[in-house]
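Student: I am attaching a structure below and will ask some questions about it afterwards.
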Amino acid sequence: MAAAVTASVSLPSSKSSCLPHRSSLASSSSSFFISTDRISFKKVPLHCRDVVSTGSRVVSIRAQVTTEAPAKVEKESKKMEEGVVVNKFKPKNPYIGRCLLNTKITGDDAPGETWHMVFSTEGEVPYREGQSIGVIADGVDKNGKPHKLRLYSIASSALGDFGDSKTVSLCVKRLVYTNEKGELVKGVCSNFLCDLKPGAEVMITGPVGKEMLMPKDPNATIIMLATGTGIAPFRSFLWKMFFEKHEDYKFNGLAWLFLGVPTSSSLLYKEEFEKMEEKNPENFRLDFAVSREQTNEKGEKMYIQTRMAQYAEELWELLKKDNTYVYMCGLKGMEKGIDDIMTSLAAKEGIDWLDYKRSLKKAEQWNVEVY
1 MAAAVTASVS LPSSKSSCLP HRSSLASSSS SFFISTDRIS FKKVPLHCRD
51 VVSTGSRVVS IRAQVTTEAP AKVEKESKKM EEGVVVNKFK PKNPYIGRCL
101 LNTKITGDDA PGETWHMVFS TEGEVPYREG QSIGVIADGV DKNGKPHKLR
151 LYSIASSALG DFGDSKTVSL CVKRLVYTNE KGELVKGVCS NFLCDLKPGA
201 EVMITGPVGK EMLMPKDPNA TIIMLATGTG IAPFRSFLWK MFFEKHEDYK
251 FNGLAWLFLG VPTSSSLLYK EEFEKMEEKN PENFRLDFAV SREQTNEKGE
301 KMYIQTRMAQ YAEELWELLK KDNTYVYMCG LKGMEKGIDD IMTSLAAKEG
351 IDWLDYKRSL KKAEQWNVEV Y
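Numbering (full-length UniProt numbering), first residue to last: 1 to 371.
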């Protein structure tokens, strides 16, 4: 095994345990010969005799280097993984649920429609907060084959919107756009779902996903960053934290939600979140970023990273704690904006932000799901 050389990064002591530390031994050792006129090194096998020569007398000393790797320690996840079911239903054998409720939750003047829908599962599709399900739209594609499944983040807690563990909810934006040829294109699955009527059947697969599961620590700080329908997994987190009572779980930490949308008529679940904030002022913080209606003090549009920049110092202090978790779900590009904020703050303390973020990911404290 070749000798490993590692570089260290100066980090706060509270986080240093998250960084990788590796050590290894050289593939050979050196026996050295001492004489009155020179010192020389000679390569010899690992298991050898070091020979020390002083004048005419040769002394043989047995030396042994141990190269056994240390016992591998199983990493214990910080997330709620116990009991997670994955891929119980596959595309060839999906669960057939029924639409119980389908409601448009954006205003008429919003740029695009978003719908909240509830499907019956009769408890046959068990899931955890942060997982996703697949949906297969009815009909066939242009080649006459069944449509491929489309994954959607679950928008309800494990108990479901009705609290009986027999439903699953989604938050879906209707996809309609004009392509380069000037043709109107409609997303197959999103339009299928947004047009569903109560009583209609729907083919469900999964559940899938572990990356976005909630942390185990009920005293954690959970920073949630969402754009548009990326709010879905956070609604499931927040319902469990603030709208439900559990014998084995009570959230005592801080949940801080940043939601970015283009217009105020696009704010999803606004009343629910404001009710949570009203009832739990010490445990829940809520910040909206409405890009087409709000600006910062510099006159810049209020994107999610613009809003976060107003709390940059406070967020950086939180990110130095071992029980702070960041969850990001929504449009690509959001993470880069956050990197720009944190890079300069970390640099003030001699820390490379990208290295530090990698340590957070390794510790399951930085979770990203973008599209």
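Note that beta-carbon positions come from the ideal geometry of N, C-alpha and C, so glycine has one too.
None of these values were measured; they are calculated from a predicted model.
(1) How is Thr178 classed by DSSP in three states: helix, strand or coil?
(2) Spatial neighbours of Leu213 within its chain, please: C-beta separation below 8 Å, excluding the five flanking residues on both sides.
(3) Among all the DSSP beta bridges, which residues are the ones paired with Lys301?
(4) To the nearest angstrom, report how far apart Lys124 and Val208 are at their CA atoms.
(5) Let me know the secondary structure DSSP gives Met214 once reduced to three states.
(6) What three-state label does DSSP hand Phe89 in the structure shown?
(7) May I ask you to report which of helix, strand or coil DSSP gives Asn367?
(8) Can you tell which of Leu159, Asp287 and Glu282 has the C-alpha that lies nearest to the C-alpha of Leu268?
(9) Taking all protein chains shown into account, decide if Lys357 is buried (16 or more other Cβ within 10 angstroms of its Cβ) or exposed.
(10) Could I get the ranges of all uninterrupted alpha helix (DSSP H) runs contained in the segment 343-367, with 4 residues as the minimum, in chain order?
(11) By how many angstroms is the C-alpha of Lys145 removed from the C-alpha of Thr343?
(12) Within the continuous alpha helix (DSSP H) that includes Val188, where are the two ends?
(13) Can you pull the DSSP bridge partners for Tyr249?
(14) With DSSP as the reference, identify every bridge partner of residue 376, one or two as the case may be.
(15) Taking Ser264 as the reference, which of Lys245, Ser291 and Glu247 has the closest Cα?
Tutor: In short:
(1) Position 178 of the sequence shown, counted from the start, is the residue given in the question as residue 178. Looking at Thr178 - three-state DSSP - the assignment turns out to be strand.
(2) Taking the first residue of the sequence shown as position 1, residue 213 is located at position 213. Hits under 8 Å: Lys79, Met80, Glu81, Val84, Arg128, Glu129, Gly130 and Gln131.
(3) Along the sequence shown, one-based indexing puts residue 301 at 301. The partner list for Lys301 (beta bridge, DSSP) reads Thr295.
(4) To locate residue 124, count along the sequence shown from 1; it is residue 124. To locate residue 208, count along the sequence shown from 1; it is residue 208. For the record, residue 124 in the displayed sequence is Glu; it is not Lys. Each residue's Cα considered, the two are about 14 Å apart.
(5) As a first step, residue 214 is located in the sequence shown; it is residue number 214 there, counting from the start. Correct three-state label for Met214: coil.
(6) The residue given as residue 89 occupies position 89 in the sequence shown. If DSSP states are grouped into helix, strand and coil, Phe89 belongs with the strands.
(7) For the purposes of this step, residue 367 is taken as the residue at position 367 of the sequence shown. Asn367: strand per DSSP, three-state reduction.
(8) Within the sequence shown, numbered from 1, the residue matching residue 268 stands at position 268. Checking every option, the nearest Cα to that of Leu268 belongs to Asp287.
(9) The residue labelled residue 357 in the question sits at position 357 within the sequence shown. Buried: at least 16 other Cβ atoms inside 10 Å.
(10) 353-362
(11) For the purposes of this step, residue 343 is taken as residue 343 along the sequence shown, with counting starting at 1. For the purposes of this step, residue 145 is taken as residue 145 along the sequence shown, with counting starting at 1. Answer to the nearest angstrom: the Cα atoms are 48 Å apart.
(12) Against the sequence shown, residue 188 aligns to sequence position 188. Run containing Val188: Val188 to Cys194, per the alpha helix (DSSP H) assignment.
(13) Within the sequence shown, residue 249 is the residue found at index 249, counting from 1. According to DSSP, Tyr249 bridges with His246.
(14) The requested residue 376 does not occur in the structure, where the chain is confined to residues 1 to 371.
(15) Walking along the sequence shown from the start, residue 264 turns up at place 264. For the residues Lys245, Ser291 and Glu247, the minimum Cα distance to Ser264 belongs to Ser291.
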